[in-house]
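Worksheet for the structure shown next.
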DNA sequence: ACCTGAACACCGTTCAAGT
DNA sequence: ACCTGAACACCGTTCAAGT
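Residue numbers (this note's numbering), protein chains in the order written: chain A, 109 to 320; chain B, 109 to 320.
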């Protein structure tokens, strides 16, 4: 449940010692991405427009198109940033559950993070880090030691699909609740149900793997 | 693989013997939804605007707001229509795999169908039919006969998340390919890999269920 | 190298007024 | 009951021109 409390409460980490809204000097892809990620977390994806980001940066909208080919390219850079949080330290010992949780937490750490990453991933951009971490963990999993690379690739896709689908629904439900729409399931503790649902999904997947 | 060939090739089924683009008489929610679904399949979600739909109907954009409160309400009606294809005949004998395939096929039968249904489902609208079919099938499954209703609800959510996540990625990848973007996995036969990935996911889920 | 200014072709939504 | 006409407050993107 802890992840639900920290949503929307990110302190942006600056990679440079430079103000994100650089009203004096010029901008580059990194600083623009930093400001865009903070803006995403503040206002959400529907309100993250190129024009609004330009205003935030103290620049004309057209200036952004010198740094990024289009809005989708900007979103891919944001997706990369979001997944930098994925903890790759436990991938080597094959702790698939831990990696799945790390990816899930990275997606939920920023407002609409799952949607941004999913759309970029579908376009073949942005989710390389998550994909690689899962593949490494699955490859070194005990049940999969004698498994062909093609099958590992399939399993990575299955797990990533579940994680993305799960995070997407969680965040869209959060968004729906903030608009006062009624959720279909009338559970007593929805956040606990969500947490156990995620664990159930990941473990069901792992237990269902053939042990040949 | 058959489903991939029939994507984008829908002949719209008219529930009334009435032209969908009713340029003479007046419109109602049903006829507007029919035209909107055809337009969605023709041009895709990003190009399905209220203004374009109004033009298709031979009407001013503002006319649509007499029938639907806003665009989201229209999309929920479309989501309901898409899921009318879900085959509910096999839910009673607990064939979860068949139901999962039926939902998947319904989502893939219209362009961007998964995205429309997912966003509506997250808002608590539109996916009741899919949710109910899965719940019925899981309840009458052999491995779940002695399972509490709360657990069935969790499992329904897990499976639906996987199905929606899977269909969403498949369709976004189709969309990406039409724009010439390179997919990250360089598989020999991607459509066959997708099909087996889906089966793997559903079966892994079912085999992972406790048999208590 | 990086940005401005101005334009193009669009959006969703509201609301008085018509029939 | 159903729709028009007109407006409001926006979009993403391009491109010549500036520094």
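Ideal placement from N, C-alpha and C gives every residue a C-beta, glycine not left out.
Contact check, residue i vs residue j under 8 angstroms by CB: the rounded distance?
{"i": "residue 238(A)", "j": "residue 194(A)", "result": "6 angstroms"}
{"i": "residue 216(B)", "j": "residue 310(B)", "result": "In fact, because the Cβ distance is near 15 angstroms, the residues do not count as touching under 8 angstroms."}
Within a Cβ cutoff of 6 angstroms, which residues of the same chain sit near residue i, ignoring the five residues on either side of it in sequence?
{"i": "residue 159(A)", "result": "169"}
{"i": "residue 263(A)", "result": "246"}
{"i": "residue 212(A)", "result": "271 and 275"}
As a quick exercise: from the options, pick the residue whose alpha carbon is nearest that of residue i.
{"i": "residue 163(B)", "options": "182(B), 249(B) and 140(B)", "result": "140(B)"}
{"i": "residue 202(A)", "options": "245(A), 156(A), 226(A) and 178(A)", "result": "245(A)"}
{"i": "residue 281(A)", "options": "271(A), 261(A), 302(A) and 269(A)", "result": "302(A)"}
{"i": "residue 227(B)", "options": "233(A), 283(A) and 185(A)", "result": "283(A)"}
{"i": "residue 166(A)", "options": "215(A), 134(A) and 310(A)", "result": "134(A)"}
{"i": "residue 214(B)", "options": "192(B), 204(B) and 197(B)", "result": "192(B)"}
{"i": "residue 223(B)", "options": "154(B), 310(B) and 315(B)", "result": "154(B)"}
{"i": "residue 337(B)", "options": "232(B), 305(B) and 156(B)", "result": "Past the boundaries of the shown model lies residue 337(B); chain B is included only from 109 to 320, so the question cannot be answered."}
{"i": "residue 265(A)", "options": "286(B), 233(B) and 305(B)", "result": "305(B)"}
{"i": "residue 232(A)", "options": "255(A), 188(A) and 286(A)", "result": "188(A)"}
{"i": "residue 83(A)", "options": "285(A), 317(A) and 142(A)", "result": "Chain A is shown only over 109 to 320; residue 83(A) falls outside these bounds and no answer can be derived."}
Given a cut-off of 8 angstroms, decide if residue j and residue i are closer than it, judged by their beta-carbon atoms.
{"i": "residue 175(A)", "j": "residue 200(A)", "result": "no"}
{"i": "residue 225(B)", "j": "residue 235(B)", "result": "yes"}
{"i": "residue 308(B)", "j": "residue 267(B)", "result": "no"}
{"i": "residue 219(B)", "j": "residue 273(B)", "result": "no"}
{"i": "residue 313(B)", "j": "residue 177(A)", "result": "no"}
{"i": "residue 186(B)", "j": "residue 144(B)", "result": "yes"}
{"i": "residue 249(A)", "j": "residue 204(A)", "result": "yes"}
{"i": "residue 161(B)", "j": "residue 147(B)", "result": "yes"}
Keeping to the same chain, check which residues put their C-beta closer than 8 angstroms to that of residue i; ignore five residues upstream and five downstream.
{"i": "residue 119(A)", "result": "Note on residue 119(A): pLDDT 40, under 50, position unreliable in the model; the coordinate value appears next. Cβ neighbours of residue 119(A) beyond the five flanking positions: none."}
Tell me which residues share the same chain as residue i and place their Cβ nearer than 7 angstroms to its Cβ, disregarding the 5 neighbours each side in the sequence.
{"i": "residue 179(A)", "result": "158"}
{"i": "residue 56(A)", "result": "Because chain A is modelled from 109 through 320, residue 56(A) falls outside the range shown and cannot be assessed."}
{"i": "residue 210(B)", "result": "194 and 195"}
{"i": "residue 198(B)", "result": "206 and 207"}
{"i": "residue 286(B)", "result": "none"}
{"i": "residue 257(A)", "result": "none"}
{"i": "residue 171(B)", "result": "162"}
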